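The numbering of the sequence shown is my numbering, which starts it at 2 and goes up by one.
Every residue, glycine too, gets a C-beta built ideally from N, C-alpha and C.
Everything numeric in this text was worked out from a predicted model, so none of it was measured.
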Amino acid sequence: MPDILIQAKGLKKQYDSRNVVNGVSITVHEKEILAIIGPNGAGKSTTIEMMLGIRKQDEGEVGYWVHDYRKSIGAQLQATPFFPGLTAIENLNLFAAFYKRKLPKQKAVELLTLCGLSEVVKTEASKLSGGQQKRLAIAVALVHDPKVVFLDEPTSALDPKSRREIHQLILDLNRKGTTVVFTSHDMDEVTKLSYRVIMIDQGMVIAEGTVKALCQKHGVQNLEELYLQLTMGEN
């Protein structure tokens, strides 16, 4: 069994007396690709924010493999605010400075190239396409060489070409040893990319395991059928 990098136990979070997250426990293993899925409003993003330490849980705890974990975790959340008037590479350099890193030009260009942005290095970030901005947000999340990267719906609202490029990026990152945790509503995407799946509904984990094992356990042909069965009560 690979080493445990992050272990969240019994996380709870309430908003206006509503249990948005209600006892979620998640373990993240080294060098895996973990998908967290579930309906809108299920508590996925809130759970990730608590695991990142940017939102305080009401109950529960999160343990990390190192004390100063923030230096080794990257995150692309739903919206990454880029600095107006700055190019892709200038944004990258500024975010690197937040981690007290000076990014050599060659390293910055290599990172942008890895993210499929070699042609727009000197293009103002605000003028990039939606897919390019998603990839730039991922590059920002990788600027400090994190051991674990969280990607919150990295392919939402993208065209098929951009979606495929981000799929390849996730696989390339993982081959280089990076642990990836991502959320998605695309069940084919999850099946293609993930080692393990955690399904959350109404703030609780309702299924966990490999796609193959979960489908066999519940007697369904694919992850989409399983998702519908468990979250909508279809038989």
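Taking Phe151 as reference, the option from Gly11, Leu12, Ser46 and Ser157 with the minimal CA-CA separation is Ser46. A direct Cα-to-Cα measurement between Ala76 and Gln222 gives close to 33 Å.
Distances from the CA of Glu31 to each of Gly86, His68, Asp59 and Lys177 were compared; the closest alpha carbon is that of Lys177. When Ser130, Ser195 and Met233 are compared, the shortest CA-CA separation from Ile207 is found for Met233. Between the region 96-105 and the region 139-147 there are three or more inter-stretch CB-CB distances shorter than 8 Å, so the stretches are counted as touching.
By the Cβ neighbour-count rule, Arg165 is exposed, with fewer than 16 other Cβ atoms within 10 Å of its own. Secondary structure note for Arg197: it is in no alpha helix (DSSP H), and the uninterrupted beta strand (DSSP E) holding it is Arg197 to Asp202. For His219, the enclosing alpha helix (DSSP H) begins and ends at Val212 to His219. Secondary structure of Thr156 (DSSP, three-state): coil. For Tyr228, there is no enclosing beta strand (DSSP E); the enclosing alpha helix (DSSP H) has its first and last residue at Leu224 to Met233. Distances from the alpha-carbon of Ser26 to those of Thr48, Ile38 and Ala89 put Thr48 closest. Ile5 places its beta carbon 8 Å or farther from that of Ile199.
For the pair of segments examined, the region 109-119 was found not to touch the region 64-79: the number of CB pairs separated by less than 8 Å stays below three. Secondary structure of Phe83 (DSSP, three-state): coil.
Thr180: not part of any alpha helix (DSSP H); member of the beta strand (DSSP E) spanning Thr180 to Thr184, first to last residue. Taken atom to atom, the span from the alpha-carbon of Lys162 to that of Ser18 is near 42 Å. Ranked by how close their Cα comes to the Cα of Pro40, the residues Gln58, Ala138, Thr124 and Gln203 have Gln203 in first place. In this structure, Ala126 lies near Phe83, with their beta-carbon atoms less than 8 Å apart. Going by DSSP, Arg176 is part of the alpha helix (DSSP H) stretching over Pro161 to Arg176.
Among the bridge pairs identified by DSSP, Lys13 is matched with Asn23 and Glu60. DSSP places Leu35 inside the beta strand (DSSP E), whose first and last residues are Ile34 to Ile38.
When the five nearest sequence neighbours on each side are left out, no beta carbon in the same chain lies closer than 6 Å to the beta carbon of Phe99. Here Ala208 carries a strand assignment [DSSP, helix/strand/coil]. Burial is judged here by how many other beta carbons sit within 10 angstroms of a residue's own beta carbon; Asp153 has at least 16 and is buried. Between the alpha carbons of Ala214 and Leu35 lies a gap of roughly 15 Å.
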